[in-house]
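Data block below; observations after.
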Amino acid sequence: MGKVYVAGVGLTKIGEHWDKGLEQLMVEAALKALDDSGLSRVNSIYVGNMAGEFLQEQAHLGAIIAEDLGMVGTPAYRVEAANASGAAAIHAGALEIASGRADAVLVIGGEKLSDGLIEEVSSALLMGERQEYEGFMGADFYSINALLYKLYMRRYEVKDDLIAVFPMLSHKHAKGVAHAQYPFEVSLEKILSSPYISEPLRRFEVSGVGDGAAAIVLIGEELKSKIKTPKTELYISSATDFMTPFEREDPLRFQSLGVAVNKVLDEAKVDRGDVDLIEVHDATSIMAAISLESSGFAEPGESGRLAMRGEFDLGGRLPYNTFGGLKARGNPFGATGVYQVAELHLQLTGRAGKNQVDSPRVGMAQSLGGVGATAIVTLLKAV
Amino acid sequence: MVKLNGVAIQGYGGYVPRYRIKAEEIGRLWGREKQELPIEEKAIAGLDEDSVTMAVEAARIAIRRAGIDPKRIGAIHVGSESKPYAVKPTGTIVAEAIGAGQNILAADLEFACKAGTEAIQLITGLVESGRIEYGLAIGADTAQGRPGDALEYTAASGAAALLIGRLTDDAVASIEAWNSYVTDTPDFWRREGENYPSHAARFTGQPAYFKHILGSINELLNGDGYSIKDIDHFVFHQPNVKFPLAVAKALRLEREKVSAGLISGFLGNPYSATSLLGLVKVLDEARPGDLILLASFGSGAGSDAYILRVLDGIVEKRERAPKLKDFIERKIYIDYASYARFRGKLRLR
Amino acid sequence: MRVSRHWRNKLFRYRLVGWRCVSCGAFHYSKPLVCKRCGSREFREVELPKTGKLLAYTMVKIAPKDFKDKAPYLVGLVELDDGTKILGQLTDFTKEELKEGARVEAVLRKIREDGENGIIEYGFKFRPEIHHPP
Numbered sequence: 001m002g003k004v005y006v007a008g009v010g011l012t013k014i015g016e017h018w019d020k021g022l023e024q025l026m027v028e029a030a031l032k033a034l035d036d037s038g039l040s041r042v043n044s045i046y047v048g049n050m051a052g053e054f055l056q057e058q059a060h061l062g063a064i065i066a067e068d069l070g071m072v073g074t075p076a077y078r079v080e081a082a083n084a085s086g087a088a089a090i091h092a093g094a095l096e097i098a099s100g101r102a103d104a105v106l107v108i109g110g111e112k113l114s115d116g117l118i119e120e121v122s123s124a125l126l127m128g129e130r131q132e133y134e135g136f137m138g139a140d141f142y143s144i145n146a147l148l149y150k151l152y153m154r155r156y157e158v159k160d161d162l163i164a165v166f167p168m169l170s171h172k173h174a175k176g177v178a179h180a181q182y183p184f185e186v187s188l189e190k191i192l193s194s195p196y197i198s199e200p201l202r203r204f205e206v207s208g209v210g211d212g213a214a215a216i217v218l219i220g221e222e223l224k225s226k227i228k229t230p231k232t233e234l235y236i237s238s239a240t241d242f243m244t245p246f247e248r249e250d251p252l253r254f255q256s257l258g259v260a261v262n263k264v265l266d267e268a269k270v271d272r273g274d275v276d277l278i279e280v281h282d283a284t285s286i287m288a289a290i291s292l293e294s295s296g297f298a299e300p301g302e303s304g305r306l307a308m309r310g311e312f313d314l315g316g317r318l319p320y321n322t323f324g325g326l327k328a329r330g331n332p333f334g335a336t337g338v339y340q341v342a343e344l345h346l347q348l349t350g351r352a353g354k355n356q357v358d359s360p361r362v363g364m365a366q367s368l369g370g371v372g373a374t375a376i377v378t379l380l381k382a383v
Numbered sequence: 384m385v386k387l388n389g390v391a392i393q394g395y396g397g398y399v400p401r402y403r404i405k406a407e408e409i410g411r412l413w414g415r416e417k418q419e420l421p422i423e424e425k426a427i428a429g430l431d432e433d434s435v436t437m438a439v440e441a442a443r444i445a446i447r448r449a450g451i452d453p454k455r456i457g458a459i460h461v462g463s464e465s466k467p468y469a470v471k472p473t474g475t476i477v478a479e480a481i482g483a484g485q486n487i488l489a490a491d492l493e494f495a496c497k498a499g500t501e502a503i504q505l506i507t508g509l510v511e512s513g514r515i516e517y518g519l520a521i522g523a524d525t526a527q528g529r530p531g532d533a534l535e536y537t538a539a540s541g542a543a544a545l546l547i548g549r550l551t552d553d554a555v556a557s558i559e560a561w562n563s564y565v566t567d568t569p570d571f572w573r574r575e576g577e578n579y580p581s582h583a584a585r586f587t588g589q590p591a592y593f594k595h596i597l598g599s600i601n602e603l604l605n606g607d608g609y610s611i612k613d614i615d616h617f618v619f620h621q622p623n624v625k626f627p628l629a630v631a632k633a634l635r636l637e638r639e640k641v642s643a644g645l646i647s648g649f650l651g652n653p654y655s656a657t658s659l660l661g662l663v664k665v666l667d668e669a670r671p672g673d674l675i676l677l678a679s680f681g682s683g684a685g686s687d688a689y690i691l692r693v694l695d696g697i698v699e700k701r702e703r704a705p706k707l708k709d710f711i712e713r714k715i716y717i718d719y720a721s722y723a724r725f726r727g728k729l730r731l732r
Numbered sequence: 733m734r735v736s737r738h739w740r741n742k743l744f745r746y747r748l749v750g751w752r753c754v755s756c757g758a759f760h761y762s763k764p765l766v767c768k769r770c771g772s773r774e775f776r777e778v779e780l781p782k783t784g785k786l787l788a789y790t791m792v793k794i795a796p797k798d799f800k801d802k803a804p805y806l807v808g809l810v811e812l813d814d815g816t817k818i819l820g821q822l823t824d825f826t827k828e829e830l831k832e833g834a835r836v837e838a839v840l841r842k843i844r845e846d847g848e849n850g851i852i853e854y855g856f857k858f859r860p861e862i863h864h865p866p
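Protein sequences appear in the order of chains A, B and C. In this text, residue positions in the first sequence follow this note's numbering: the first is 1, and each later residue adds one. In this text, residue positions in the second sequence follow this note's numbering: the first is 384, and each later residue adds one. In this text, residue positions in the third sequence follow this note's numbering: the first is 733, and each later residue adds one.
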C-alpha cells in the first residue's frame, strides 16, 4: 500500500447560505483546496453528502460536481455513510491513492441543511437510523441520544454538567474562528438553562443546522516530491456496529469507534499517548463523552471530569475540537468529516492562527454515522 | 321472538379510553349551566386512538377471557359509525392485530348506535349453523358531535367485544332469544363526506328511541318463556342519562334492575359500543343464573333485543382480564383545547 | 410509497411478532436471512411478550416530519418480560406514572398517517400496565 498525503484544504464558512446552492458551496470549497495544493487536475473526485437526495432531491452529485468544476471526464462518485459521509469520501479517496490507481484525488464534503424545514432536517437525520424501526417509532436521533444520556448519568452517577461541559469547550475553541457557525463562547450555566430538545438533552448540547462544504486534496508518493505546499501524512480506518445502541453489548460504548481507533493507531505505528490533538464527533454532548471513553482517551464515566480539569483545552493534555467541533464550528452532515480532517491539517502544518496548538505531530479525527453504527477515524502525521 | 340454540358468550371485553372531559367544561364554551347538562362527563379517545385501535383493545380482552387460540375465530364483525376509512374494512385490521387466521369472514356493519348488537346476531347465526367455531362481535366508536350541538356533551369513545361460540359448561352466558324491530325513521343521520351527524332534536325521542326499544322488547317478551319479572338486569342503549330511565319507568322496573348497566352518566354515549359496554359492566357484576335483557337502539331506526343467561363460567373467566371498572377509574381529565386536538377539531393543515 | 413498506412489517408492528435466532437467541423484527449477532441462518417465529418494564424515557419535542402533528410525544426503552429490549412510543401516561421501572404493556395505536388521504399506519405503543387481580 502506498502512502497517502493531504496536500491542500478548502473550507467555506458554515451558516445559512441562502444565495448559494449545494453545488456552489462544494465547488467553492473544492477550488480553495485545489488552490491550496497548487494542483488544477486530479485523477478522481469523491463527494461526501448525506441528505441531498431528500433536501435537494438531488442524486448523482459526482458527475454534477465534476461538471461544475470544469472537470468533465474525471471519474466522480458520491459516497454516503450518514453523518460520516464526508469521512467515508476521504476513506474512498485515500484507498484509491494507496492502491496506486490515482496520484491525486479531490474529496469534497458538502451539505445544505437550510433548504429544509426543521422537521425535514430531523427527518433527514433520522435517515441515518433504520426507517422501519427507529423511524417508525418516531424515535429520532436526539431521543436516542437522550436515552443514552439518562443511562450514562445513572450508571456513572454523574450530573448533566459533566456532559454539558463538552459543548462549552467546543464553543470556547470556536471563538473568533472565521469558518465557524457559532464563533462565540457559551457558559456552562447558559447551556444548562437552555430548553430541552429531548430531556435530558438540551438545545445547546446539540449541533445546529447549517450549510457548508469542505474539501481536501489527497496525493501519493510520486506527486509528494513535486508539490511544494505543506503536507501531512494520512491514515484512515473504519468499522461498524449494530444500528441501534440498545442492541449492542454496551449501549454506552461505541465499539465501532474503539476498533477503528485501534486499527488506525496500529497502521500509523503511533501510540494513543502520541496523539497531540483530537477532533471528536460531538453531534451531541453525550456522543462526545461516549466517544472519548470508547476510544480510550478517558476511562468510562471520566471524560467530563477530565474536561473540567482542562485536559482537553487548547493548552491541555489533549486539545479537543480546536476549531469548535460539530457543536460550534458547525455540523453540515456530509461535510463535517472533511472539515475535521482539514482542520487537523491546518494544525499540523502550523496554519491554525490563534487556535494553533503548540507544534503538534499527530492529530486524530473521529467521524460517526448514526449513533455510532459507523465510525471512521483519520490520523494525520506531520511530515 | 327467535329462540337461539346452544350459542354462548365465551369471552367479553370492554375498553374505555383514558381521557375524560366534563360536560361542564364543554358547557363553559357554549354558555350552558350545570343543571342543563345531560351527563357528568364523557370518555374521549386519545390522539393516537380510533375505532380500530379500540376494537382491538376490546377484542384482545375478550380473547384473554375466553382463553382460546385466536386462530379458531371464524368471523369478525365490527359495528361502527366512525370507521377511520370510508372504504377499507376495520375487520381485517382487527383480525391481523389479534392474530386470527386468514380463512375467516371479516365485515363491517353500520346502523348508527346499534351496529354492535347486529354483529351479535350475525355471529350467533354462523355459530348456530356450524359454519364457524367462534366469532367476534364488536361495537366501537369515536362518536362525534358538532361543536356547540346538544350531542357534543354526550358523543363519546369506547369499544366492546363479545367472543361467541357453542354453549359449553364453562361459557360466560348463553344467548337464548333475540328480536329486532326496525322502521324508516330519520331521527339522526350523517350524509357522505360530512364530519358531524345531524339530528331531528326532540323527534329522536318518542317516535325513534322509545318506540323502537319498547317495540323490540315487547315482542321479545311476547313469546313463551320470559317475563319482565324473571329478568335480573336490563341494559338499554343510553344516549343520555334520562332515556334509559324513562324506558325503565315505562316497563315499571325496579331501579336496581337497571342500575348495573348504566354508563352514560360518566362515560357518555360511545354509539355502537354503548349498550354493549352496559352489558360488559353487568357481566362484570352478575351472578351465575342471572337473566339479562339487552336492548340496543340505532337511529334510522331500529332496536335489537337479546335475552342472556349468566353461566358458571363467568366466575373464573371474568377475572382473567381487566374489568370495565379498571378502565372507568383510570381517568385523566382534559380541557376543551386537548379535546379539540384529540378529536380532530383543530385544523393543522 | 408507504403502503407496501408498512404491510411487510405489520406482524411486528401489530403483535410484536418477529424471528429469533435458533443458535444465539437474537431477536429480529423483520425476517432475516443471516443472524446479525452470530451469523446463523436458522430462525423461529416468535411473538414477544406484551408486557415489560420501562428502562428509560424521553420526550420528542421537535419531531421528524411524519410525526410533526403528534409532537410532543414520549419515546421509551422497554425491557420486555423475556428480556428483549425494544424502543417504542409511550402513551396514556400521567406525570406520576412516568418513572423508570414502571410496568408497561403494548397496545395497538395509530403511529403515523401518510397525510389526510394516505393510509393509517398502526403499531404498538406502551402504556402503563393495567393491573387486575389474577
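The beta carbon of each residue, even a glycine, is placed where N, CA and C say it ideally should be. This structure is a prediction, so every number in the text was calculated from the model and none was measured.
Nearest neighbour of residue i, chosen from the options [CA to CA]
i: C/L819; options: C/K793, C/K857, C/I852 and C/G850; result: C/K857
i: B/I451; options: B/E516, B/V385, B/G462 and B/S465; result: B/E516
i: B/W413; options: B/L550, B/D532 and B/L729; result: B/D532
i: A/K174; options: A/R101, A/A89 and A/V186; result: The question names Lys, yet the displayed sequence has Ala at residue 174 of chain A. The candidate whose alpha carbon is nearest that of A/A174 is A/V186.
i: A/L257; options: A/A268, A/T244 and A/S237; result: A/S237
i: A/D36; options: A/A215, A/I163, A/L61 and A/R203; result: A/A215
i: B/R670; options: B/L662, B/S655 and B/V693; result: B/V693
i: B/A562; options: B/A544, B/L505, B/A523 and B/E416; result: In the sequence on display, residue 562 of chain B carries Asn and not Ala. With distances taken between Cα atoms, B/N562 lies closest to B/L505.
i: B/I690; options: B/G608, B/D553 and B/Q589; result: B/G608
i: A/G353; options: A/T322, A/G337, A/V341 and A/G370; result: A/T322
i: B/A458; options: B/D570, B/A442 and B/A584; result: B/A442
Residue-chain proximity (residue i, chain C), Cβ-Cβ < 7 Å
i: B/E535; result: no
i: A/G52; result: no
i: A/E249; result: no
i: A/F254; result: no
i: A/F246; result: yes
i: A/E111; result: no
i: A/K150; result: yes
i: A/E16; result: no
C-beta neighbour in chain A for residue i, strict 7 Å
i: C/V839; result: no
i: C/G847; result: no
i: C/K817; result: yes
i: C/P866; result: Residue placement at C/P866 is poorly supported in this model, since its pLDDT is 49, which falls under 50; the coordinates still yield a value, given next. False, the Cβ-Cβ gap to chain A never drops below 7 Å.
Contacts that residue i makes with chain A (C-beta to C-beta distance below 7 Å)
i: C/V807; result: M137, G138, A139 and S143
Chain-ordered neighbours of residue i on chain C, where CB pairs are closer than 7 Å
i: B/E479; result: K742 and Y746
i: B/L731; result: D801
i: B/G482; result: R747
i: A/A146; result: T790
i: B/P467; result: I852
Under 8 Å from the C-beta of residue i: neighbouring residues of chain B
i: C/I862; result: P705, D709, F710 and R713
i: C/K802; result: L430 and D431
Chain B within 7 Å of residue i, Cβ atoms only
i: C/K842; result: yes
Within chain A, the residues that residue i reaches when beta carbons sit closer than 9 Å
i: C/Y854; result: Neighbours of C/Y854 on chain A: none; closest Cβ ~11 Å, over 9 Å.
Under 7 Å from the C-beta of residue i: neighbouring residues of chain B
i: C/D824; result: R401 and G429
Chain C residues whose Cβ lies nearer than 8 Å to that of residue i
i: A/Y133; result: Y761 and L819
i: A/L126; result: P796
i: A/S122; result: I794, A795, P796 and K797
Which residues, in chain order, does the region 432–461 of chain B contribute to contact with chain C at a C-beta distance below 8 Å? Hits within the stretch, in order: E432, D433, V435, T436, V439 and E440.
Of all the residues that make up the region 772–799 of chain C, which are near chain B by a beta-carbon distance shorter than 8 Å? Flagged, chain order: E779.
Suppose only complete runs of 3+ residues qualify. What are the beta strand (DSSP E) ranges in the region 245–292 of chain A, listed by chain order? Qualifying beta strand (DSSP E) stretches, in chain order: 277–279.
Beta carbons nearer than 9 Å to chain A: which residues of the region 747–771 of chain C have them? Sequence-ordered contacts of the region 747–771 of chain C with chain A read A758, F759, Y761, S762, K768 and R769 [C-beta pairs closer than 9 Å].
Whole alpha helix (DSSP H) elements within the region 593–678 of chain B, 4-residue minimum: Runs of the alpha helix (DSSP H) inside the region 593–678 of chain B: 594–605, 625–633, 639–642, 647–650 and 657–668.
Scan the region 63–116 of chain A and note each continuous beta strand (DSSP E) run of 3 residues or more that stays entirely inside, going in chain order. Those beta strand (DSSP E) runs which fall completely within the region 63–116 of chain A and span 3+ residues are 76–79 and 104–112.
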